[in-house]
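See below for the structure under consideration.
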């Protein structure tokens, strides 16, 4: 695939800002927070009509919805699929990928075939089902089949549905093991759609790759050979990624011919504060606090805005903080004598600054910041100028997943267990925790349910709400912390209060005067509009009931809501159109996700604003100071390793249980299958017979593959006072999430762990409201088992191979929520755990490091700092999260005899991340060096070399030494 450039080159004017950004920069103190502005030009497109094989009834139904033809990339992908060619379409957000696969899919249904649609989220499945039903095709019998599907409907779906929407979990645990019950469906299967396939990466993606191979084998048993249609965000080399995911040759469609408006994209770095963290390091203002301010500003200006936040509690915090600030603005404006102004209109229509606007009244008040009428029409002023001093809504100064109660807290840059629930990064004001309704799902949108409750969610912070009443929900007992709009008879939503739903308009200079009763009526109306401002902001996350999420989506589409703080549940293809701005709170992990989120604004073809707000993290710091790493660059390749024996083995067992394996099947599962099969026979899991390999156990073979976790018997989390089972945590994660003394969050409720009994598999907890979070810290030892590849890297030697990692949680820190102040370090006594995985490591020989030591460098602290920063930067080159990898550094390692820095995969058998680091080592370590150098701190801070996961308390660390060490390595290169 040619390098796809979603934006203009970096030669575009760095200060070409649209009116929306100009409005945000109205506060002078914010000017230095914008490190770069990129302008994405508008794109025009034309339609090419319908392929001649498209059924007339489908053309008519789509025309009734205003769709009169396909753009060229849709046409190409649809035509390839219709001709029986496996295809992946990898284009930008809102480019119409859904229509590209719906056209051949619905054509197949009309012709008598069946379609299987796989989605990573329930929200996307619900959106797709709604779109399908809106077409009102009599031949179409579409249904979702997941853990929420009532059992009395499942039989009907198996026997009659011809368009089934499900997820990989359900395919793994239900459809494939019970394939005989789906024989009619599989016999007519024409098309398999794998939507948002860029999300299938790492260990989870490797599991999905093997599930798709099992699907191909089962379909073949019933005489069908379906076409695979993959839809992805823009990706590097999508055809190769699609082949690795499905095992099939794949055509690619990458040229996006859809129209879109222009976008102003700003990189934003919050300022350093007077607070001090570990070692006296400066603490940067949190990205969530910054996002709340910007969201309030944009809502005040009548700008429809979506704020993406990495954690669920973080989304609640942003919404609550923005609402609190809007409440203050409303009170301040309403209390001002002679008040006649309403909040600022869309900035595009706002007047210029008085100094440059000849129409601005010459009699402006001497102190414009205190005049609400001036605020309403002046884009260079903000509600900040109006507010008296008041306590801020509490936020947690640490925004990484590690800052959360119950979050994975590896030690010396040890990774979290894959299924450990990353708890949110910000503390909300105290509210009564929400309760689940009977039957509520405990899985997030991002982790669909299947009918086996042992499938664990990735995120256990599953706040749910009571069923909506006839009046709006408020932050009362057992309700959400942000009120929902309530549905009206027309299916839309209205504000949670009785304020006017119409967006406020300006009444600045030149507006006709009012008097008497008209003025009184206008004043009352404006007061109502001001009072309703806070209700135009809400939070959106997976823990809400499905019907409540649909209400929020409709309210945002209709404009009833102006601001929504959301987790990545809205990143994927849910139709939320008409947005003006997107705030991205922290690097979302990949360029693909960045463009997916930014593309949510401007989906109706209008101009838009996107702002990436950096967290206090090395990678975020690097990106906002190196825009060329984002703009004009191809997005990442999808990293997965389906040949990993720890992944392949369980799926070979599952395949043998479905249909006995034969020699002819082995090529389907990859080149390592024969070797893995022999090992399974030695373990007694499979039995070799002349006819093939057979499953020998009474248990279900699918239980061997924990596709979203890391295996191990789960630890039950039980409330000590009531015996109530709150949930489960996989055993590897239990050491860091539910150790004795840990703060554990479940469905919005906070608990303290009284005791962790690993032998019994139980963690006893008690309800509490601590004002601190806990951070598990561990020590890590690493042993080199077998180097697989090596080469010189300047003065160093670079290696990739198999290692054994031994980790032991030894203590936990208590850190105050609001300030990050350290309250103590409590010892723990937990057994060590061993992980066999793969790592990349580099070594410097004694003759190279000797001059550095003679110059007074702390070699151990220098290597330690370089290790932390390199772990923070690897996700830019390997599609992973910082919590998927770990590291160890030592001045002299016993296996190498040299100064050594390791970075390893935190998954049994490896996940491909360390291997990607090995192949991109020069670029990766160069970026690491630049990230350290570009940070404005003196001795190191969380933005460069400190790590929230460090088991050694971020000691010793030497920032200057790390730069010298990396210079020595890279300059020689």
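In the working numbering, the protein residues as written are 1214 to 2186. Don't be surprised by glycine CBs; every beta carbon is placed ideally from N, CA and C. None of the values given here were measured: they were computed from a predicted structure.
What does the Cβ neighbour count give for residue i, buried or exposed, with the cut at 16 atoms within 10 Å?
i: residue 1349; result: exposed
i: residue 1369; result: exposed
i: residue 1503; result: buried
i: residue 1460; result: buried
i: residue 1765; result: buried
i: residue 1265; result: exposed
i: residue 1436; result: exposed
i: residue 1429; result: buried
i: residue 2105; result: exposed
i: residue 2184; result: exposed
i: residue 2001; result: exposed
i: residue 1809; result: buried
i: residue 1468; result: exposed
i: residue 1343; result: exposed
i: residue 1438; result: exposed
i: residue 1455; result: buried
i: residue 1749; result: buried
Helix, strand or coil, according to DSSP, for residue i in the structure here?
i: residue 1523; result: coil
i: residue 1436; result: coil
i: residue 2137; result: helix
i: residue 1208; result: The requested residue 1208 does not occur in the structure, where the chain is confined to residues 1214 to 2186.
i: residue 1501; result: helix
i: residue 1907; result: strand
i: residue 2015; result: strand
i: residue 2121; result: coil
i: residue 1964; result: strand
i: residue 1441; result: strand
i: residue 1932; result: strand
i: residue 1541; result: helix
i: residue 1671; result: Summary for residue 1671: the model assigns pLDDT 32, below 50, so the residue's position carries little reliability; its value from the coordinates is reported in the next sentence. Looking at residue 1671 - three-state DSSP - the assignment turns out to be coil, as it is neither helix nor strand.
i: residue 2102; result: strand
Measure from the C-beta of residue i to each C-beta in chain C and report whether the shortest distance is under 9 Å.
i: residue 1413; result: Protein chains in the displayed structure number just one, and chain C is not present.
Name the two residues that bound the continuous alpha helix (DSSP H) containing residue i.
i: residue 1369; result: 1364 to 1373
i: residue 1986; result: Note, residue 1986: premise wrong, no alpha helix (DSSP H); beta strand (DSSP E) at 1985 to 2006.
i: residue 1314; result: 1310 to 1323
i: residue 1808; result: 1804 to 1811
i: residue 1455; result: 1451 to 1459
i: residue 2132; result: 2126 to 2132
i: residue 1413; result: Note, residue 1413: premise wrong, no alpha helix (DSSP H); not H, not E.
i: residue 2076; result: 2072 to 2086
Could you pull the DSSP bridge partners for residue i from this structure?
i: residue 1859; result: Paired residues: none, contrary to the question.
i: residue 1943; result: 1927
i: residue 1970; result: 1975
i: residue 1252; result: 1477
i: residue 2021; result: 1992
i: residue 1465; result: 1301
i: residue 1779; result: 1521, 1753
i: residue 1957; result: 1964
i: residue 2054; result: 2012, 2115
i: residue 2038; result: 2026
i: residue 1495; result: 1489
Got a sec? Which residues, its chain only, sit under 7 Å from residue i by beta carbon, not counting five neighbours each side?
i: residue 1293; result: 1300, 1464
i: residue 2169; result: 2071, 2073, 2074, 2077
i: residue 1833; result: 1799, 1800, 1827
i: residue 1156; result: No answer is possible for residue 1156: it lies beyond the span of the chain, which begins at 1214 and ends at 2186.
i: residue 1184; result: Given that the chain is displayed from residue 1214 to residue 2186, the structure contains no residue 1184 and the question cannot be resolved.
Taking 6 Å as the limit between beta carbons, can you name the residues of its chain near residue i, skipping five residues before and five after?
i: residue 1485; result: 1495, 1497
i: residue 1531; result: 1501, 1504, 1505, 1520, 1522, 1778
i: residue 1819; result: 1474
Do residue i and the ligand ZN come close, with the Cβ less than 8 Å from some heavy atom?
i: residue 1968; result: The model depicted lacks the ligand ZN and carries no ligand whatsoever.
Please list, in chain order, all residues of the same chain as residue i whose beta carbon is under 8 Å from its beta carbon, the five residues on each side excluded.
i: residue 1963; result: 1618, 1646, 1956, 1957, 1980, 1981, 1982, 1983
Residue range of the beta strand (DSSP E) that residue i falls in?
i: residue 1344; result: Where residue 1344 is concerned, there is no enclosing beta strand (DSSP E), although the alpha helix (DSSP H) it sits in stretches over 1335 to 1347.
i: residue 1747; result: Segment: none, residue 1747 is in no beta strand (DSSP E) and carries neither H nor E.
i: residue 1403; result: 1402 to 1407
i: residue 1889; result: Segment 1886 to 1895 is the alpha helix (DSSP H) holding residue 1889; no beta strand (DSSP E) there.
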